[in-house]
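Protein sequence lines, in the order shown, are assigned to chains A and B.
Letter 25 of the first sequence, counting from 1, is numbered 25 in our numbering, and no numbers are missing.
Letter 175 of the second sequence, counting from 1, is numbered 175 in our numbering, and no numbers are missing.
Yeah, the Cβ is synthetic: ideal placement off N, Cα and C, and Gly gets one too.
Working notes, beginning with the structure itself.
2 protein chains.
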Amino acid sequence: MSRRSGILEFAVLGLLRESPMHGYELRKRLNTSLGVFRAFSYGSLYPCLKTLVANGWLIEESGTASTEAMTPLSGRRAKIVYRLTAEGKEHFEELLSQTGPDAYEDEHFAARFAFFGQTSRDVRMRVLEGRRSRLEERLEKMRASLARTRERLDDYTLELQRHGMESVEREVRWLNELIESERAGRDQRSGPASSAQQNSTSGESDVLPRRRGDNPPPDTSDDTAK
Amino acid sequence: MSRRSGILEFAVLGLLRESPMHGYELRKRLNTSLGVFRAFSYGSLYPCLKTLVANGWLIEESGTASTEAMTPLSGRRAKIVYRLTAEGKEHFEELLSQTGPDAYEDEHFAARFAFFGQTSRDVRMRVLEGRRSRLEERLEKMRASLARTRERLDDYTLELQRHGMESVEREVRWLNELIESERAGRDQRSGPASSAQQNSTSGESDVLPRRRGDNPPPDTSDDTAK
DNA sequence: TTCGTCATGTAATGGGTTACATGATTAC
DNA sequence: GTAATCATGTAACCCATTACATGACGAA
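And the structure:
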């Protein structure tokens with residue numbers, strides 16, 4: 001039981017929607033496509049796959065030819081290919097279009113964003129705007145807290161604080177551009193928001209809640225390319 | 001056992017170094033001073049305090065007047081004031097000046113940075129430079145991975161990737177300014193690096209690994225001010 | 001034949017959160 | 001007298017990682 005994470009589950013469904021895969025490959029894709037902000041290990045992936053299967057969202061397909069008797073208790077480790085079921089697809093799309101409060105939090109948002117191509121512009125707009133107002137809330141709290149404590153903090157703490165707020169502000173600007181872009185075009189990229197992109201640095205900022213603990217991608221690099 | 005986190009332990013020692021505090025107040029300070037990138041709940045704080053006491057780094061002092069008999073098994077919940085011991089101080093300074101590989105990771109770095117005022121410039125320089133090269137490593141990996149996968153990724157995933165890299169680049173620029181600043185002056189702030197600070201946005205970027213899960217500061221706001 | 005990497009899994013552990021339980025003190 | 005907030009703690013859970021165990025397959 002349990003082994004579900006929300007993010008991981010979501011990303012697995014999203015990746016399998018594109019094409020069936022081994023757990024092994026899945027993990028690599030997870031750590032490149034989404035690896036900007038999040039990494040996963042087998043210790044969480046495999047158990048997660050099991051529960052997804054149990055829920056009927058995935059089915060396991062043997063990767064070995066059917067002629068192989070595959071005596072389950074002797075050696076013969078299976079190569080399992082996971083494929084999204086119709087229910088899984090449905091579930092994923094439901095998750096993707098959900099715009100509850102969670103959808104605007106750091107990692108949830110980033111994961112959703114990575115699969116934006118699979119939703120409608122309406123949903124995209126709602127998520128982007130939700131994220132933006134979430135960040136604005138955050139900013140207000142930070143500002144208030146800073147105002148209250150400013151004189152008691154030393155220079156470095158203050159600098160950290162300032163820098164943190166600035167990062168949030170940049171993300172807000174980034175969101176503004178994306179929103180404008182959505183408003184104007186079909187896909188993002190190309191439309192307006194091209195305004196201040198190249199000249200100095202005013203254009204974009206950070207999404208990425210970055211990875212959890214610390215580690216660099218535990219990845220051994222390489223992704224699918226043989 | 002276990003209930004030690006590294007970050008939490010470190011921050012607790014650092015805050016108590018300034019002045020003795022209740023656990024309650026400690027948590028608030030934790031979530032304002034360091035709250036930009038990290039929040040903690042009582043469920044982790046109190047057990048952590050216990051182990052710090054067990055290690056001899058803190059001592060508990062009764063906050064109630066000594067006349068109170070304080071029968072330990074009847075009601076009479078203690079108000080415990082934690083004070084850093086000499087060993088605790090020593091330990092904290094040792095941790096602070098440690099420049100092992102961990103020191104350059106997101107949250108470790110941010111926590112260290114928040115207490116930079118308590119170290120020598122030498123240590124600060126080493127940590128800042130270590131952090132920078134850590135990020136440059138990261139960038140290189142991201143670039144390589146992006147080059148390998150670019151054409152297989154859709155626009156949104158790509159944008160996420162791009163945006164992520166940009167955030168890291170910005171932090172590198174920020175570090176550069178801090179390093180220059182250290183090189184030139186006593187404290188940071190004031191020295192050079194004033195170059196591109198106000199005019200557009202070129203100056204700074206993001207440190208903050210931001211908070212773990214998602215939640216806004218679970219804080220009920222307010223920090224010490226009554 | 002040995003090394004790397006493909007491939008799947010489990011057990012122990014880590015480091016946190018939430019919800020709960022309890023009660024004192026202050027402000028209205 | 002009652003609500004908020006101060007104050008301390010524990011138990012149950014969550015979601016991940018690490019280390020381990022196992023083994024196939026290809027290339028040097």
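Chain A residues whose Cβ lies nearer than 8 Å to that of B/Y156: Locating residue 156 of chain B in the second sequence gives position 156, where the first residue counts as 1. Going along chain A in sequence order, the residues near B/Y156 (Cβ under 8 Å) are F113, A114, F115, F116, G117, Q188.
The stretch 137-149 of chain B contacting the stretch 117-124 of chain B, beta-carbon criterion three pairs below 8 Å: These segments do not touch.
Beta carbon proximity, A/L160 to chain B, threshold 7 Å: The count along the first sequence starts at 1 and reaches residue 160 of chain A at position 160. A/L160 counts as touching chain B.
Per DSSP, the bridge partner or partners of B/I80: Residue numbering aside, residue 80 of chain B sits at position 80 when the second sequence is read from its first letter. DSSP lists B/S62 as partners of B/I80.
Cβ of A/G100 within 7 Å of any chain B Cβ: Working through the first sequence from its first residue, we reach residue 100 of chain A at position 100. By this cut-off, A/G100 is not an interface position.
Per DSSP, cross-strand counterpart(s) of B/H91: Position 91 of the second sequence, counted from the start, is the residue given in the question as residue 91 of chain B. Secondary-structure assignment with DSSP links B/H91 through no beta bridge to anything.
is_contact[B/S19, chain A] using C-beta, thresh 7 Å: Within the second sequence, numbered from 1, the residue matching residue 19 of chain B stands at position 19. Not closer than 7 Å to any Cβ of chain A, the Cβ of B/S19 fails to qualify, so no.
CB contact below 7 Å: A/V36 versus chain B: In the first sequence, residue 36 of chain A corresponds to position 36, counting from 1. Closer than 7 Å: yes.
CB contact check: A/G14 to chain B, cutoff 7 Å: The count along the first sequence starts at 1 and reaches residue 14 of chain A at position 14. Judged by the 7 Å Cβ criterion, A/G14 is not in contact with chain B.
B/M21 - partner residues in DSSP beta bridges: Here the question's residue 21 of chain B lines up with position 21 in the second sequence. B/M21 pairs with B/Y82.
Partner residues on chain B for A/W57, Cβ-Cβ distance less than 7 Å: In the first sequence, the residue the question calls residue 57 of chain A occupies position 57. At a C-beta separation below 7 Å, A/W57 has no neighbours in chain B, since its nearest C-beta there lies roughly 22 Å away.
Touch test, the stretch 86-106 of chain A against the stretch 162-175 of chain A, Cβ-Cβ under 8 Å, three pairs minimum: In short, these stretches do not touch, since the Cβ pair count stays below three.
Chain-ordered chain B contacts of A/A110 [CB-CB under 8 Å]: Walking along the first sequence from the start, residue 110 of chain A turns up at place 110. Contacts between A/A110 and chain B, judged by CB atoms closer than 8 Å, involve L160 in chain order.
Beta-carbon proximity check, B/E180 vs B/R124, cutoff 7 Å: In the second sequence, residue 180 of chain B corresponds to position 180, counting from 1. In the second sequence, residue 124 of chain B corresponds to position 124, counting from 1. For the 7 Å CB-CB criterion, B/E180 and B/R124 do not form a contact.
Chain-ordered neighbours of A/G88 on chain B, where CB pairs are closer than 7 Å: Against the first sequence, residue 88 of chain A aligns to sequence position 88. Neighbours of A/G88 across chain B, judged by C-beta separation under 7 Å, do not exist; the nearest C-beta is about 20 Å away.
C-beta atoms of B/L13 and B/F92 nearer than 7 Å: To locate residue 13 of chain B, count along the second sequence from 1; it is residue 13. To locate residue 92 of chain B, count along the second sequence from 1; it is residue 92. In this structure, B/F92 lies closer than 7 Å to B/L13 by Cβ.
Three-state class that DSSP yields for A/T157 in the structure shown: Here residue 157 of chain A refers to the residue found at position 157 when the first sequence is read from its first residue. In this structure, A/T157 counts as helix in the three-state DSSP scheme.
Helix, strand or coil at A/R27 [DSSP, three-state]: The count along the first sequence starts at 1 and reaches residue 27 of chain A at position 27. Reduced to three states, the DSSP call for A/R27 is helix.
Beta-carbon gap between B/E171 and B/L135 smaller than 7 Å: As a first step, residue 171 of chain B is located in the second sequence; it is residue number 171 there, counting from the start. As a first step, residue 135 of chain B is located in the second sequence; it is residue number 135 there, counting from the start. Yes, these two residues count as a Cβ contact at 7 Å.
Beta-carbon proximity check, A/R58 vs A/Y24, cutoff 7 Å: One-based indexing of the first sequence puts residue 58 of chain A at position 58. One-based indexing of the first sequence puts residue 24 of chain A at position 24. With the sequence shown as reference, residue 58 of chain A is identified as Leu, and Arg is not the correct amino acid for it. No, these two residues do not count as a Cβ contact at 7 Å.
Spatial distance of A/D155 from B/R132 (CA atoms): For the purposes of this step, residue 155 of chain A is taken as the residue at position 155 of the first sequence. For the purposes of this step, residue 132 of chain B is taken as the residue at position 132 of the second sequence. Pairing A/D155 with B/R132, the inter-Cα distance amounts to about 20 Å.
Residue environment, A/G56, which counts as buried when at least 16 other CB atoms sit within 10 Å: Taking the first residue of the first sequence as 1, we reach residue 56 of chain A at position 56. Within a 10 Å sphere around the beta-carbon of A/G56 sit fewer than 16 other beta-carbons, which makes this residue exposed.
B/L26 vs B/A11 beta-carbon contact at 7 Å: Here the question's residue 26 of chain B lines up with position 26 in the second sequence. Here the question's residue 11 of chain B lines up with position 11 in the second sequence. Taking 7 Å as the Cβ cut-off, B/L26 and B/A11 do not qualify as a contacting pair.
Cα-Cα separation, A/L16 to A/F109: Locating residue 16 of chain A in the first sequence gives position 16, counting from the first residue. Locating residue 109 of chain A in the first sequence gives position 109, counting from the first residue. It is roughly 19 Å from the alpha-carbon of A/L16 to the alpha-carbon of A/F109.
Any C-beta of chain A under 7 Å from that of B/H91: Taking the first residue of the second sequence as position 1, residue 91 of chain B is located at position 91. No, B/H91 lies away from the interface with chain A (no Cβ there is under 7 Å from its Cβ).
Contact residues within the stretch 119-147 of chain A, judged by C-beta distance below 9 Å to chain B: Cβ contacts with chain B come from R124, R134, E137, R138, K141, M142, A144, S145, L146.
C-alpha gap between A/F37 and A/S62, whole angstroms: To locate residue 37 of chain A, count along the first sequence from 1; it is residue 37. To locate residue 62 of chain A, count along the first sequence from 1; it is residue 62. Approximately 32 Å between the Cα atoms of the pair.
Cutoff 8 Å; reference B/H22; Cβ partners in own chain excluding five residues on either side: What you label residue 22 of chain B is simply residue 22 of the second sequence in a count that begins at 1. Only residues of its own chain outside the window of five on either side were considered, and among them G63, K79, I80, V81, Y82 have a CB closer than 8 Å to the CB of B/H22, listed in chain order.
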